[in-house]
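*Asks:* Following this note's numbering, the numbering of the sequence shown begins with 82 at its first residue and continues without gaps.
Think of the CB as a built atom: it goes at the ideal place given N, C-alpha and C, for glycine as much as any other residue.
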Amino acid sequence: MANPKNQEKSGFSDVRRAARLSIAPMMDWTDRHCRYMHRLMSREALLYTEMVTAPALVRGGAVHLLAHNEAEHPVALQLGGSDSAELAQATKLGADAGYDEINLNVGCPSDRVQSGTFGAILMTQPELVADCVAAMIDQSAVEVTVKCRIGVDDQDPEQVLPDFLQKVSAAGVTRFTIHARKAWLQGLSPKENRDIPPLDYDLVLRMKAQFPDLHISVNGGITSLDQAEAFLAQGLDGVMIGRAAYHQPGEVLLEADRRIFGVEQSKDNVEIVHAMLPYIEAHLHDGGKLHQITRHMLGLFAGKPGARGWRRTLSEGVSLPGAGPELVEKALVCVTQEHMRIQS
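Here's what the structure looks like:
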């Protein structure tokens, strides 16, 4: 029977609406600086943190990992772990820190995650996942969700995935993001696991048909808003985009509000750069490094005139003494000059 506490959270409609399009949690990429920029580009999409392990928060006291800017909302915290008591404590910390959703990672295939018995390996232990999410729900003031794979190694996804969804939803989770690939924990690297296992979107669509009361988003290999719109039209509740949103954020996020949410968005990439300058200034004033922000901005003009000069100027100048917002403005000149040259 579903946990009524998490059923009540289905009333958190703003986050569920935002989940029509979400940006995947990506280690070393979707930190708070990246999320701040993404939020400038889309007011509506749901953003996710990098995975934060429950042991780091509970045993290590690394609560600084929960830091985020109020402008990021709606934003979800992704947790990794397999100890129900520890995950419950970490969930409470995340909810108290103001996150709009707490997500359990049941999909990451890295060796480090496997050794800690969490991530994709948990696809083999749905009962443990159910215990964990029940404990998390009990301590959370916001909705608890799960991101999973369709299976691991030699498992048969046709059998494993519906069994997993049934058991975990019975513990109270009603929103799942499914990466439509298996994770091969034996024989493939984490990088290879992002590309080599074949995608099975049809299985995810069948899971939505089999579990119509669950909110199901699809993830994996999605690179455009055209694809996102097609999945939504086929009845899925949400679409999660990862690397494409990071490497070509303008292509995904600047049009997302209009196309996915029906809300007009008038900003362009040049305006986003100007909007980032005060944020950069404040970060440097607080002792931060310029590259901590600009590394996330390199793809802003991907495929556009002047993109090469933009990337080169930022990459070559970011480590120079005294580099600051003026370097970003200098890089932007490469874009505007190239645009003017083409127009003339």
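Can you tell me where the alpha helix (DSSP H) holding Gly175 begins and where it ends?
*Replies:* Here the question's residue 175 lines up with position 94 in the sequence shown. That run of the alpha helix (DSSP H) goes 165 to 177.
*Asks:* If I follow the unbroken beta strand (DSSP E) through His364, where does it start and stop?
*Replies:* Counting from one through the sequence shown, the residue named residue 364 turns up at place 283. Here His364 belongs to no beta strand (DSSP E); instead the alpha helix (DSSP H) covers 350 to 366.
*Asks:* Over what stretch of residues does the alpha helix (DSSP H) that includes Leu209 continue unbroken?
*Replies:* Counting from 1 along the sequence shown, the entry for residue 209 is found at position 128. From DSSP, the alpha helix (DSSP H) with Leu209 extends over 207 to 220.
*Asks:* Report, in whole angstroms, the separation of the C-beta atoms of Pro190 and Asn274, which I expect to be a contact under 8 angstroms.
*Replies:* Within the sequence shown, the letter at position 109 stands for residue 190. Within the sequence shown, the letter at position 193 stands for residue 274. About 4 angstroms separates the two Cβ atoms, so the contact holds.
*Asks:* Relative to the alpha-carbon of Ala137, which residue among Leu365, Ala216, Leu146, Ala201 has its alpha-carbon at the smallest distance?
*Replies:* Here the question's residue 137 lines up with position 56 in the sequence shown. Here the closest residue by C-alpha is Leu146.
*Asks:* Could you tell me the distance, in whole angstroms, from the CA atom of Thr375 to the CA atom of Thr417?
*Replies:* Against the sequence shown, residue 375 aligns to sequence position 294. Against the sequence shown, residue 417 aligns to sequence position 336. The alpha-carbon atoms of Thr375 and Thr417 are separated by roughly 18 angstroms.
*Asks:* For Ala157, which beta-bridge partners are listed by DSSP?
*Replies:* Mapped onto the sequence shown, residue 157 falls at position 76. DSSP, once it has assigned bridges, lists Tyr129, Glu182 as partnering Ala157.
*Asks:* Rounding to the nearest angstrom, what Cα-Cα distance links Leu127 and Thr172 in this structure?
*Replies:* Here residue 127 corresponds to residue number 46 of the sequence shown, with the count starting at 1. Here residue 172 corresponds to residue number 91 of the sequence shown, with the count starting at 1. Rounded to the nearest angstrom, the two C-alpha atoms are 18 angstroms apart.
*Asks:* Alpha carbons only, please: which of His377, Asp177, Cys213, Glu167 is nearest the one belonging to Val187?
*Replies:* In the sequence shown, counting from the first residue as 1, residue 187 sits at position 106. Cα-wise, what sits closest to Val187 is Cys213.
*Asks:* Would you kindly work out how many angstroms separate the C-alpha atoms of Leu365 and Leu371, rounded to a whole number?
*Replies:* As a working note, residue 365 is residue 284 in the sequence shown. As a working note, residue 371 is residue 290 in the sequence shown. Leu365 and Leu371: Cα-Cα distance of roughly 7 angstroms.
*Asks:* Which of the three DSSP states, helix, strand or coil, is assigned to Phe292?
*Replies:* Numbered from its first residue, the sequence shown carries residue 292 at position 211. Note: Phe292 maps to coil in three-state DSSP.
*Asks:* I need the straight-line Cα distance from Gly316 to Ser396, nearest angstrom please.
*Replies:* Position 235 of the sequence shown, counted from the first residue, corresponds to residue 316. Position 315 of the sequence shown, counted from the first residue, corresponds to residue 396. C-alpha separation (whole angstroms): 42 angstroms.
*Asks:* Taking all protein chains shown into account, do 16 or more other C-beta atoms lie within 10 angstroms of the C-beta of Leu168, making it buried, or fewer, making it exposed?
*Replies:* Reading the sequence shown from its first residue, position 87 is the one you call residue 168. Under this definition Leu168 is a buried residue.
*Asks:* Have a look at Met82 and Ala166 and give me their C-alpha separation to the nearest angstrom.
*Replies:* To locate residue 82, count along the sequence shown from 1; it is residue 1. To locate residue 166, count along the sequence shown from 1; it is residue 85. Confidence at Met82 is low in this model, with a pLDDT of 41, below 50, so the placement of that residue should be treated as unreliable; the coordinate-derived value is given next. The C-alpha of Met82 lies about 21 angstroms from the C-alpha of Ala166.
*Asks:* Quick one: using the 10 Å Cβ neighbour count with 16 as the cut-off for buried, is Arg422 buried or exposed?
*Replies:* As a position in the sequence shown, residue 422 is number 341, starting the count at 1. It counts as exposed.
*Asks:* Using the Cβ count rule (16 or more neighbours within 10 Å means buried), how would you classify Ser270?
*Replies:* The residue given as residue 270 occupies position 189 in the sequence shown. Under this definition Ser270 is an exposed residue.
*Asks:* On the three-state DSSP scale, how would you describe Ala105?
*Replies:* The residue you call residue 105 lines up with position 24 of the sequence shown. Correct three-state label for Ala105: coil.
*Asks:* Alpha carbon to alpha carbon, how far is His355 from Arg340?
*Replies:* For the purposes of this step, residue 355 is taken as the residue at position 274 of the sequence shown. For the purposes of this step, residue 340 is taken as the residue at position 259 of the sequence shown. Going from the Cα of His355 to the Cα of Arg340 covers about 24 angstroms.
*Asks:* Between Leu358 and Val409, how many whole angstroms is the CB-CB distance? I'm expecting something under 8 angstroms.
*Replies:* Numbered from its first residue, the sequence shown carries residue 358 at position 277. Numbered from its first residue, the sequence shown carries residue 409 at position 328. With a contact defined as Cβ atoms closer than 8 angstroms, Leu358 and Val409 qualify at about 7 angstroms.
*Asks:* Tell whether a beta-carbon distance below 8 angstroms holds between Ser224 and Arg256.
*Replies:* Residue 224 sits at position 143 when you count from the first residue of the sequence shown. Residue 256 sits at position 175 when you count from the first residue of the sequence shown. The sequence shown places Glu at residue 224, not Ser. Against a cut-off of 8 angstroms, the Cβ pair of Arg256 and Glu224 comes out as a contact.
*Asks:* Considering only their Cβ atoms, is the gap separating Ala100 from Ser347 smaller than 8 angstroms?
*Replies:* Translated into the one-based positions of the sequence shown, residue 347 becomes position 266. Translated into the one-based positions of the sequence shown, residue 100 becomes position 19. Cβ distance not < 8 angstroms, so Ser347 and Ala100 don't count as in contact.
*Asks:* Can you tell me which of the three DSSP states Ile303 falls into?
*Replies:* Counting from 1 along the sequence shown, the entry for residue 303 is found at position 222. The three-state reading of DSSP puts Ile303 in coil, since its state is none of H, G, I, E or B.
*Asks:* Under a Cβ-count criterion, where at least 16 other Cβ atoms within 10 Å of its own Cβ denotes burial, should Glu239 be classed as buried or exposed?
*Replies:* Along the sequence shown, read from residue 1 onward, the residue named residue 239 stands at position 158. The residue is exposed, with fewer than 16 neighbouring Cβ atoms inside 10 Å.
*Asks:* Under the rule that 16 or more other beta-carbon atoms within 10 Å means buried, what is Ile231, buried or exposed?
*Replies:* Here residue 231 corresponds to residue number 150 of the sequence shown, with the count starting at 1. It counts as buried.
*Asks:* In angstroms with no decimal places, state the Cα-to-Cα distance between Gly92 and Gly141.
*Replies:* For the purposes of this step, residue 92 is identified with residue 11 of the sequence shown, where counting begins at 1. For the purposes of this step, residue 141 is identified with residue 60 of the sequence shown, where counting begins at 1. Legend: pLDDT at Gly92 = 49, less than 50; position of this residue unreliable, value from coordinates given subsequently. Rounded to the nearest angstrom, the two C-alpha atoms are 34 angstroms apart.
*Asks:* Closest to Glu208 by C-alpha separation, out of Ala176, Asp164, Asp219, Ala222, would be which residue?
*Replies:* Numbered from its first residue, the sequence shown carries residue 208 at position 127. Among Ala176, Asp164, Asp219, Ala222, the Cα nearest to that of Glu208 is on Asp164.
*Asks:* Using the Cα positions of Ile183 and Thr394, report the straight-line distance between them to the nearest angstrom.
*Replies:* If you number the sequence shown from 1, residue 183 lands on position 102. If you number the sequence shown from 1, residue 394 lands on position 313. Cα to Cα, the separation comes out at about 38 angstroms.
*Asks:* What residues in its chain sit with their C-beta under 6 angstroms from that of Ala143, if we drop five residues either side in the sequence?
*Replies:* The sequence position of residue 143 within the sequence shown is 62, counting from 1. Ala137, listed in sequence order.
*Asks:* Using a 10 Å radius around the Cβ and a threshold of 16 neighbouring Cβ atoms, would you call Ile353 buried or exposed?
*Replies:* Counted from its first residue, the sequence shown places residue 353 at position 272. Flag for Ile353 reads buried.
*Asks:* Under a Cβ-count criterion, where at least 16 other Cβ atoms within 10 Å of its own Cβ denotes burial, should Ser400 be classed as buried or exposed?
*Replies:* Residue 400 sits at position 319 when you count from the first residue of the sequence shown. Exposed, by the Cβ-count rule.
*Asks:* Skipping 5 residues on each side, what residues in its chain have a beta carbon closer than 6 angstroms to that of Tyr282?
*Replies:* For this step, residue 282 is matched to residue 201 along the sequence shown. Here the set comprises Ala261.
*Asks:* Spatial neighbours of Lys411 within its chain, please: C-beta separation below 8 angstroms, excluding the five flanking residues on both sides.
*Replies:* Reading the sequence shown from its first residue, position 330 is the one you call residue 411. Residues of the same chain with a CB within less than 8 angstroms of the CB of Lys411, apart from the 5 flanking positions on each side, are Thr394, Gly398 in chain order.
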